[in-house]
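Report on one structure; see the data block that follows.
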Amino acid sequence: MSEKISQSDVERCTSNFSIDTESCELKRREGGREAWLTVLGSILVYYASFGIMNSFGFFQNYYSNEFLSNTPTSTIAFIGTMQMALMNSLAAVSGALCDWYGVKYLYLGSGTGTVISLLVLSFARTGQFWQVFLAQGLLMGLTIAFAVQPAQTIVGQHFKERRALAMGLVSTGSSLGGIGFPLMFEKLLPRLGFATTLRLTALKIGRETTSSCQKNWRSLIDFKGFLDIRYTVLCVGSWFAILGLWIPSYYIKTYANVSYPDNHISEYFLCIMNGCNILGAIFGGLLGDHVGRLNLLWPMTLLSGCLCLSLWQFNSSIATLIVFACVYGFSTSSVILLPPPAIGQISPDDRLGARIGAFYSIVAIASLIGNPIGGALITDTKTKEGYSGLIIFSGGAVIAGSIFMFISRLLHDGNLRTKLSRIYGLKGQTFSPLLRSIMYPQFDLNQSYKTSLCMMAMLRVWSPSRAVVTQEPTGIRLHAPDIERNSTTIHDRDSVTTEIVTINKMH
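Its first residue numbered 342, the sequence shown is counted upward by one per residue in my numbering.
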């Protein structure tokens, strides 16, 4: 027989818990003029920084065919991946500096450095790889890092419920830049030449850098988040995903020219991909806030990998390749934008910048080595079949990342712990010792059986210190900022007995 839990049992067992209700009050300006102006400013920052980096597919094609024609394709790709790696590896520093000093001086320094790097690049000589690498790979990567991460951090501090949407809108700036800059280069390069085009680009970027934020003392890098298994597994998943994620945008134009030499649309592939990326970012932000960030992240990552192994690998016409560029651009936007708001769910607000920065520091390694590895797998740059190794590597890495993201999603879900408790069983007056030691080391569950049941219901929230429990006539009401569920149940030895806990949906 199932033992029912009475109201008095609930009152008696919950009276043993002392939870700080002040620690989880939502003191936020959810929207409002200042918040949305911050979003707009961050979009411009992304356009002027990440946007030029997102246009490297154009440079890859131009360098391979003209400016650095004697340099191997995989070596040229190292310029773009160095930019990405430096941007990600310095995210921990820039995020912490944003928490510390605010974004004003970071934006000013980043914008100035990007302008200088473009001006230096404009003086590079044809065939001189190291001149291009130092100006575009190192200098630009170093300076862009101090704009991209703070632009997301400052927006994340203004939003809670709509954080994914706000950050998604910010990420559209990189896609807008990925459309605008290649079109600008395509039109100006034949008329004005490489050097003059870069100088005009520097002038354009110099006018689009902007500012704002607040001040507090923080340690520079925060790696304490890796003590949280959800955070660590999410980092591993993103590492594998980023390893293959940028390969299509770097090589799609060159691949199209080789596979379909008579086509006249390959020069617009990067613009098509980035245009769909904008739509995907808006969609991912809206849907991510509604269904949960990790609920959307892992399937979109899986879809991106499958697209590489299907539409790209087995394309039979230029039309199929266009469809791939559209759908891939749409799906990958969620892979890029959703990790920061997902991290925000399990991080203190005043550590958000440093915590996201630590995440990108790990991902930086993948962004550095992914495209050169893919380029090295090209067996013949003159045939369509020669790119098969690159495509398989790209799709396989992204799919591997989606698996780890799915595991992270399971670790977020209280139902997983409930299922584990059924497998191991409730032994007498407490949980299984294995389950207790692994899942709930911060609690002493050596209490009565009914108290253990109530604790099991509460421990479905991974961050109990941030939860607020109130007593109501119908039972316990549990407000938990980190949870992604509407309600939960508690179990006895045999079956579900009574639903006594209601959890507000708060992302």
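We put the beta carbon where it would ideally sit given N, CA and C, even for glycine.
Item, Value
"Classification of L794 by the beta-carbon crowding that lies within 10 angstroms, buried from 16 upward", "For L794, the predicted structure reports a pLDDT of 39, less than 50, and the residue's modelled location is therefore unreliable. A value from the coordinates is still provided. Buried, because 16 or more other Cβ atoms sit within 10 Å of the Cβ of L794."
"Contact check, L427 vs G482, beta carbons under 9 Å", "yes"
"Straight-line gap, S879 to L541 (C-alpha atoms, nearest Å)", "Residue numbering for the chain in the displayed model covers 342 to 848; residue 879 lies beyond these limits and cannot be assessed."
"Residue of V676, F700, S675 minimising C-alpha distance to I687", "F700"
"Beta carbon of F526 nearer than 9 Å to that of F419", "no"
"Touching by the beta-carbon criterion (3+ pairs, under 8 Å), the segment 734-742 and the segment 708-723", "yes"
"Within 9 Å, strictly: CB atoms of Q401 and Y591", "yes"
"Nearest residue (CA-CA) to G626, options K528, R503, I417", "R503"
"Status (buried if at least 16 other CB within 10 Å, exposed otherwise) for Q498", "buried"
"Run of the alpha helix (DSSP H) containing R540, from where it starts to where it stops", "535-547"
"CB of G698 within 9 Å of CB of A488, strictly", "no"
"Nearest-angstrom Cβ-Cβ length linking F391 and G514, presumed shorter than 8 Å", "7 Å"
"DSSP three-state assignment for Y448, whether helix, strand or coil", "helix"
"Test item: CB-CB of V676 and V739 under 9 Å", "yes"
"Three-state secondary structure (DSSP) of P413", "coil"
"Where the alpha helix (DSSP H) through E375 begins and ends", "374-389"
"Closest residue to F522 among I457, G621, V496, N615 (Cα-Cα distance)", "N615"
"Completely contained alpha helix (DSSP H) runs for the segment 465-489, where each covers 4 or more residues", "470-473"
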